[in-house]
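To start, the structure under review is shown below, and the notes come after it.
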Amino acid sequence: MNLDLRKAVLHNVSGNTSDQLEATIVDAIQGGEEKTLPGLGVLFEVYWNNADESEKEEVLEVIEDALKK
283 MNLDLRKAVL HNVSGNTSDQ LEATIVDAIQ GGEEKTLPGL GVLFEVYWNN
333 ADESEKEEVL EVIEDALKK
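Residue numbering for the sequence shown follows this note's numbering, beginning at 283 and increasing consecutively.
Next comes the structure, spelled out in structure tokens:
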């Protein structure tokens, strides 16, 4: 069985509103299940590939600061 995780995740969320996407992300984080991490990674990849350089820098700064806590 050959499962393309990226395609599956994108298929599951395509057409979702921003509220639905937020609910998916919050649910995955609050649930704390490791099986949701790859899906969050796919969503982050979508963001990263569509962000401009200033948005990428901002995200990196937020992550860097959060990891210092």
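Glycine residues also receive a C-beta, built at the ideal position from the N, C-alpha and C atoms.
**Message:** Can you tell me where the alpha helix (DSSP H) holding N298 begins and where it ends?
**Reply:** According to the DSSP assignment, N298 belongs to no alpha helix (DSSP H), since it is labelled neither H nor E.
**Request:** Could you check what DSSP says for G323 in three-state terms: helix, strand or coil?
**Result:** Here G323 sits in helix by DSSP.
**Rounded Cβ spacing between L287 and I307 (contact assumed at less than 8 angstroms)** = Distance from L287 to I307 at the Cβ level is roughly 17 angstroms; contact not present, criterion being Cβ atoms closer than 8 angstroms.
**Prompt:** Below 8 angstroms, can you find three or more Cβ-Cβ pairs linking the segment 288-297 to the segment 312-325?
**Reply:** Counting C-beta pairs with one atom in each stretch, the segment 288-297 and the segment 312-325 have three or more that are closer than 8 angstroms, which means they touch.
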